[in-house]
Amino acid sequence: MGKQGVLLINVGTPDDCSVDSVKDYLREFLLDPDVIDIPAPLRHLLVRGIILRTRPKKIAPRYSEIWMEEGSPLRVYTQRMADALKENLGDVECQVGM
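If you count the sequence shown from 1, position 90 lands on 89 in numbering that gives the first Met the number 0, and the numbers rise without skipping.
Take a look at the structure:
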């Protein structure tokens with residue numbers, strides 16, 4: 000049997016808590032057709048025309064309230080889980096994907 004692995008996947012997170020980073024994250028996340036399941040032209044109109052014009056400025060300060068010294072809580076805790084799994088599973092490779 001070949002080498003085994005565990006891949007921990009989540010929806011991602013902004014790279015930092017700045018308005019630009021939150022906007023980039025929301026754009027990538029919300030334009031995914033599996034996240035907003037409507038025809039592409041309507042999805043782009045909704046995301047680019049409405050959400051990205053207001054939401055990043057509103058929620059970036061909220062990200063800064065929860066941001067950790069090491070980075071995004073989602074990224075930090077997911078990596079910690081991967082590290083703990085690796086430690087407990089020994090030979091099993093554990094990676095994080097966002």
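Backbone N, C-alpha and C define an ideal beta-carbon position, used for all residues, glycine too. The structure presented is a predicted model; accordingly, all values stated were derived computationally and were not measured.
Anyone know if the C-beta pair for Gly89 and Ile8 falls short of 8 angstroms?
Not in contact: Gly89 and Ile8 (Cβ atoms no closer than 8 angstroms).
Give the straight-line distance between the Cα atoms of Gln94 and Pro32, rounded to the nearest whole angstrom.
Their Cα atoms are separated by approximately 25 angstroms.
Is the separation between the beta-carbon of Thr12 and that of Leu51 shorter than 8 angstroms?
No, they are not a contact pair.
Measuring CB to CB, does Ile35 end up less than 8 angstroms from Arg26?
Contact flag unset, no.
If you draw a straight line from the alpha carbon of Ser63 to that of Cys16, how long is it in whole angstroms?
Approximately 5 angstroms between the Cα atoms of the pair.
In chain order, what residues of the same chain have a beta carbon less than 6 angstroms from the beta carbon of Ala81, not counting five sequence neighbours either side?
Only Leu7, Cys93, Val95 meet the Cβ criterion.
Does DSSP classify Val95 as helix, strand or coil?
If DSSP states are grouped into helix, strand and coil, Val95 belongs with the strands.
Taking just the CA atoms, how far does Gln78 sit from Thr53?
Computed Cα separation, rounded: 31 angstroms.
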